[in-house]
Amino acid sequence: MLGSSSGLLPAPPLAKNSKRAIRYKRCTAKEKPVRLPSGGSKKLLCHSRFCFPLRISYNDRVRHGFAISAVLTDDSTMTTVGDDMENIGLLSIDPGLESFKEHFRYRMKRYVDQKKLIERHEGGLEEFALGYKKFGFNREEGGIVYREWAPAAQEAQIIGDFNGWDGSNHRMEKNEFGVWSIKIPDSGGDSAIPHNSRVKFRFMQGNGVWVDRIPAWIKYATVDPASFGAPYDGVYWDPPTSERYEFKFPRPPKPNAPRIYEAHVGMSSSEPRVNSYREFADDVLPRIRANNYNTVQLMAVIEHSYYASFGYHVTNFFAVSSRSGNPEDLKYLIDKAHSLGLCVLMDVVHSHASNNVTDGLNGFDIGQSAQESYFHTGDRGYHNLWDSRLFNYANWEVLRFLLSNLRWWLEEFKFDGFRFDGVTSMLYHHHGINMAFTGDYHEYFSEATDVDAVVYLMLANHLIHNILPDATVIAEDVSGMPGLGCPVSEGGVGFDYRLAMAIPDKWIDDLKNKGDLEWSMNEISWSLTNRRYTEKCIAYAESHDQSIVGDKTIAFILMDKEMYSGMSCLTEAPPIVDRGIALHKMIHFITMALGGEGYLNFMGNEFGHPEWIDFPREGNGWSYDMCRRQWNLVDMEHLRYKFMNAFDGAMNLLDEKYSFLASTKQIVSSTNEEEKVIVFERGDLVFVFNFHPENTYDGYKVGCDLPWEV
Numbered sequence: 002m003l004g005s006s007s008g009l010l011p012a013p014p015l016a017k018n019s020k021r022a023i024r025y026k027r028c029t030a031k032e033k034p035v036r037l038p039s040g041g042s043k044k045l046l047c048h049s050r051f052c053f054p055l056r057i058s059y060n061d062r063v064r065h066g067f068a069i070s071a072v073l074t075d076d077s078t079m080t081t082v083g084d085d086m087e088n089i090g091l092l093s094i095d096p097g098l099e100s101f102k103e104h105f106r107y108r109m110k111r112y113v114d115q116k117k118l119i120e121r122h123e124g125g126l127e128e129f130a131l132g133y134k135k136f137g138f139n140r141e142e143g144g145i146v147y148r149e150w151a152p153a154a155q156e157a158q159i160i161g162d163f164n165g166w167d168g169s170n171h172r173m174e175k176n177e178f179g180v181w182s183i184k185i186p187d188s189g190g191d192s193a194i195p196h197n198s199r200v201k202f203r204f205m206q207g208n209g210v211w212v213d214r215i216p217a218w219i220k221y222a223t224v225d226p227a228s229f230g231a232p233y234d235g236v237y238w239d240p241p242t243s244e245r246y247e248f249k250f251p252r253p254p255k256p257n258a259p260r261i262y263e264a265h266v267g268m269s270s271s272e273p274r275v276n277s278y279r280e281f282a283d284d285v286l287p288r289i290r291a292n293n294y295n296t297v298q299l300m301a302v303i304e305h306s307y308y309a310s311f312g313y314h315v316t317n318f319f320a321v322s323s324r325s326g327n328p329e330d331l332k333y334l335i336d337k338a339h340s341l342g343l344c345v346l347m348d349v350v351h352s353h354a355s356n357n358v359t360d361g362l363n364g365f366d367i368g369q370s371a372q373e374s375y376f377h378t379g380d381r382g383y384h385n386l387w388d389s390r391l392f393n394y395a396n397w398e399v400l401r402f403l404l405s406n407l408r409w410w411l412e413e414f415k416f417d418g419f420r421f422d423g424v425t426s427m428l429y430h431h432h433g434i435n436m437a438f439t440g441d442y443h444e445y446f447s448e449a450t451d452v453d454a455v456v457y458l459m460l461a462n463h464l465i466h467n468i469l470p471d472a473t474v475i476a477e478d479v480s481g482m483p484g485l486g487c488p489v490s491e492g493g494v495g496f497d498y499r500l501a502m503a504i505p506d507k508w509i510d511d512l513k514n515k516g517d518l519e520w521s522m523n524e525i526s527w528s529l530t531n532r533r534y535t536e537k538c539i540a541y542a543e544s545h546d547q548s549i550v551g552d553k554t555i556a557f558i559l560m561d562k563e564m565y566s567g568m569s570c571l572t573e574a575p576p577i578v579d580r581g582i583a584l585h586k587m588i589h590f591i592t593m594a595l596g597g598e599g600y601l602n603f604m605g606n607e608f609g610h611p612e613w614i615d616f617p618r619e620g621n622g623w624s625y626d627m628c629r630r631q632w633n634l635v636d637m638e639h640l641r642y643k644f645m646n647a648f649d650g651a652m653n654l655l656d657e658k659y660s661f662l663a664s665t666k667q668i669v670s671s672t673n674e675e676e677k678v679i680v681f682e683r684g685d686l687v688f689v690f691n692f693h694p695e696n697t698y699d700g701y702k703v704g705c706d707l708p709w710e711v
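In my numbering, each residue's number is its place in the sequence shown (first place is 1) plus 1.
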């Protein structure tokens, strides 16, 4: 069953030719006359999925015994299945999806109806996504107003440095929607809560026990670096005008094709320590621009208490990671990037959340129902492999929280888009665990599809592109779901690009398991061109995933220990180094030229950074030695790392000059297995790659679309 929080709702229709197909009613709503407390009756429309009893007034809701919400409505304003559902553009692009038309109609109806509900009750999607101006701490005339959604709490207080951590004089009031609030008046013209002082939300659980939590909408959180394992504290961040960073440079134009430099600020120092936002801006951004990238993708800038999670176990969704600085420092970084003509994407994690209780969102889950929690209840709310909590995308306040989170980063920090992490986990109830996707369309459109999450992603992409039409939004999905990279208006999920995640797997397999003469040119070509028509991909030979401990980068697979002794230009290069540098260049170049409509490289791999990444942890004695980037290797003129770095810059410059990544013209004219040669055209360029380990070819003739000769 496709899950609602009630567990009573129908799954979307299966394919007509599926043996498991079940006929469902096209309309999931039923009219019911309901007697109101004020007398009289009115028709109600019972909604099947997005339950939001906590945002509708008492007179406008009927509580079902099964916690299904009912909303007063005028039937004429609601989308019926037949309205604008017949002409789903995605189906005309891929006739193979026609059998799943009912599924697409179902999820499109869900999206349209949810959007209309938000428009009716919140004034529109963009207004709905301004939750950060209502929740958390906000200055209003005469004081500070703090609001927190915690419907299961019995009592609540705000505590912090400002009141000596005694909340007895700062008790909060709860409204009918489960929102606690308090206004703390200014004192003598001074802010009641000083800037950069610690705060927490204290509330009583149903069992009478009081607990302290970091506010869900907190904009900054810190930890005492001198106290090992200490929990984070929320910090009230409202700097005076003189300390606020003011953006000086406009966003650069959206590139025709993104050439992305994936970076982790914390590990970007050459020293064994955590780097700062300002140091990254001043020292690393110029390197990125010098290599002709046009986009920076920042990892781990949202607060996460466990550094070794690579930023993927988020604890505080509206707070910047305090390890590298404060919010003004991150703004400085982004503004500096813009000044260099670099767009900045955020690696955003809405697929799950840290299971930390004392300093994470999970601390608000005290065993209440799914309608009163950020997460699903029971097993559905827990990811077994990631050891993390899973959002209930059918909850009204979860939608507000996550959509507002996106708008916060776009508008407050001027990010230019997002890379959505873990999308596969969101798309399916099984989260992709133990799934070997074969491309059979039944794997994508069945009762296993989490339509709640799909509709959230559709809303998110619609919101992002409404706020920032030039935004770039990328999905990390290993399943290959059709339509993920198609516009919402055509029945797709709305991402601009998807990561071509099979490409690095192909290279690793060839490098580890096959000799040079065993490499198949047909297989390489097929792996690089195997993408859906009209759905753009970001190609990459390796990302941060291939760099972490337990894996090896391409350079390290190719050259291994010779990277320690054979990289000096002062001596003759060992054959393994000659081969390694040559293949490193070719693998990255053909991946860029043939693999997608954009390109990505992880920090340091452009020059073949040796070894792996190992974050400080108990198992390595909390060492930072393997959690840094040795820029000195590429800066030393007598080392061969400079050659790979220069080639990387030349690759990017070629696209900057000829825009072949943005071209729709792509013709593979030859994959010669005996000669180990691949020939293809991309845009106005002809590419010839010779993968033979021994043979060179003079006067080699290749076909091309237009007559010319070298």
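For every residue, glycine included, the Cβ atom is placed at its ideal position computed from N, Cα and C.
Boundaries (first-last residue) of the beta strand (DSSP E) holding Thr473: Where Thr473 is concerned, the enclosing beta strand (DSSP E) stretches over Thr473 to Ala476.
Buried versus exposed, by CB contacts within 10 Å (16 or more), Glu695: Burial call: exposed.
DSSP bridge partner residues for His255 (one or two, in chain order): Just to set this straight, residue 255 is Lys in the shown sequence, not His. Paired residue(s): none; Lys255 is not in a bridge.
Inside the segment 429-468 only - beta strand (DSSP E) runs reaching at least 3 residues: Taking only runs of at least 3 residues, no beta strand (DSSP E) segment lies wholly in the segment 429-468.
Beta-carbon gap between Cys487 and Thr530 smaller than 8 Å: Against a cut-off of 8 Å, the Cβ pair of Thr530 and Cys487 comes out as no contact.
Complete alpha helix (DSSP H) runs within the segment 534-580 (minimum length 4 residues, chain order): Correct list: 555-560 and 563-566.
Sufficient close CB pairs (3 or more, under 8 Å) joining the segment 109-116 to the segment 449-461: Yes, the segment 109-116 touches the segment 449-461.
N-terminal and C-terminal residue of the alpha helix (DSSP H) that Pro505 is part of: Its alpha helix (DSSP H) spans residues Ala503 to Asn514.
Beta-carbon proximity of Leu559 to Leu518, cut-off 8 Å: No, these two residues do not count as a Cβ contact at 8 Å.
Leu601 - partner residues in DSSP beta bridges: Leu601 is bridged to Ile261.
Alpha-carbon to alpha-carbon, Gly209 and Asp471: Whole-angstrom Cα-Cα distance: 50 Å.
Coarse secondary structure for Ser526, derived from DSSP in three states: Of the three classes helix, strand and coil, the one that applies to Ser526 here is helix, per DSSP.
Whole-Å CB distance - Gly235 paired with Pro216, under 8 Å assumed: About 5 Å separates the two Cβ atoms, so the contact holds.
Residues bridged to Phe688 (per DSSP): In the DSSP assignment, the residues bridged to Phe688 are Phe681.
Own chain, CB closer than 8 Å to Gly704, minus 5 neighbours either side, in chain order: Once the five neighbours on either side are set aside, the close Cβ partners of Gly704 are Ser670, Ser671 and Val680.
Within 8 Å, strictly: CB atoms of Ile303 and Ser323: Cβ atoms of Ile303 and Ser323: not closer than 8 Å.
Alpha carbon of Thr80 to alpha carbon of Asn602, nearest angstrom: Only weak support is given to the placement of Thr80: the predicted model assigns it a pLDDT of 42, under 50, and the question is left unresolved by the model.
Segments of 3+ residues assigned as beta strand (DSSP E) that fall wholly inside the segment 392-433: 418-421, all fully within the segment 392-433.
Unbroken beta strand (DSSP E) run spanning Ser198, endpoints: Where Ser198 is concerned, the enclosing beta strand (DSSP E) starts and stops at Ser198 to Met205.
Alpha carbon of Phe392 to alpha carbon of Pro287, nearest angstrom: Rounded to whole angstroms, Phe392 and Pro287 show a C-alpha spacing of 38 Å.
Local Cβ density within 10 Å of Thr592, reported as buried at 16 or more and exposed below that: Label assigned to Thr592: buried.
Three-way DSSP call (helix, strand, coil) for Arg27 in this model: Since pLDDT at Arg27 reaches only 30, below the 50 mark, its modelled position is unreliable, and no value is offered.
Contact belief for Ile539 with Ile261 at Cβ below 8 Å, rounded distance in angstroms: With a Cβ gap of about 7 Å, Ile539 and Ile261 count as contacting.
Simplified DSSP assignment, three categories, for His384: Here His384 sits in strand by DSSP.
Runs of beta strand (DSSP E) lying entirely within the segment 338-367, each at least 3 residues, in chain order: At a cut-off of 3 residues, the continuous stretches assigned as beta strand (DSSP E) that sit fully inside the segment 338-367 are 344-349.
Collapsed DSSP secondary structure at Met173 in the structure displayed: If DSSP states are grouped into helix, strand and coil, Met173 belongs with coil.
Segment contact, 8 Å Cβ cut-off, at least three pairs: the segment 432-440 with the segment 159-167: The answer is no - the segment 159-167 does not touch the segment 432-440, with fewer than three Cβ pairs under 8 Å.
Own chain, CB closer than 6 Å to Ala157, minus 5 neighbours either side, in chain order: Contacts found: Met173, Trp181 and Phe204.
Lys677 beta carbon less than 8 Å from that of Phe692: Phe692 places its beta carbon less than 8 Å from that of Lys677.
DSSP-derived helix/strand/coil call for Phe608: Phe608 sits in a helix when the DSSP states are folded into three classes.
Environment of His639 [buried if 16+ CB atoms lie within 10 Å]: Per the 10 Å Cβ criterion, exposed.
Ala556 to Phe648 span [Cα, whole Å]: Roughly 14 Å between the two C-alpha positions.
Pairwise C-alpha distance: Tyr541 and Glu563: Rounded to the nearest angstrom, the two C-alpha atoms are 25 Å apart.
Reduced DSSP category for Thr665 - H, G, I as helix; E, B as strand; rest coil: If DSSP states are grouped into helix, strand and coil, Thr665 belongs with coil.
Cβ separation of Ile335 and Phe281, assumed to be a contact under 8 Å, to the nearest whole Å: Actually they are not in contact, since the Cβ atoms of Ile335 and Phe281 sit about 11 Å apart, beyond 8 Å.
Beta-carbon gap between Phe145 and Phe138 smaller than 8 Å: According to the sequence provided, residue 145 is Ile. The question's Phe does not apply to it. Yes; because the gap between Cβ atoms is below 8 Å, this pair is in contact.
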